[in-house]
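Each residue of the sequence shown is one higher than the last, beginning at 0 in numbering that gives the first Met the number 0.
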Amino acid sequence: MIQITYAHTFGYRFVLGSRTSGKMPVLPVILKNGIQSYSCVALVDTGAMFSLFDGQIAGALGLELTQGRLHRLSSLGGSVTAYAHTIDLEIDLEMNSQLKFVPLSDGSLKY
């Protein structure tokens, strides 16, 4: 049997959300836009094209919510209009990256 060892691992944490509650793969992250930053917990979705966050975080990062690139996102739960911004992401596992930040204005993401 082949054994695979990963450089970074993370556990599931209990998350109480407005749509779902339970154990989910989440990581503590710091979102950065220039000198503005915001610490939060983010759901790890390895199959997603975008990282979705509550729209209020855009203001905390000094972003104008609707000035990002317009997208219409759809899933089994329905569709939503979103505006993508590119920001920096710092993960507390000493890994840094950039992501497509998509704040949603409808308040549907509450963690």
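Don't be surprised by glycine CBs; every beta carbon is placed ideally from N, CA and C.
With a threshold of 8 Å on Cβ separation, who are the neighbours of residue i within its own chain once the five nearest residues in sequence on each side are excluded?
i          : result
residue 78 : 71, 72
residue 2  : none
Compute the distance between the beta-carbons of residue i and residue j, then report whether it is under 7 Å.
i          : j          : result
residue 35 : residue 60 : yes
residue 87 : residue 31 : yes
residue 58 : residue 83 : no
residue 24 : residue 37 : no
residue 28 : residue 90 : yes
By Cβ distance, which residues of its chain are closer than 6 Å to residue i, with the 5 residues on each side in sequence left out?
i          : result
residue 54 : 64, 102, 103, 104
In chain order, what are the residue ranges of uninterrupted alpha helix (DSSP H) at least 4 long that sit wholly in the region 21-70?
55-59
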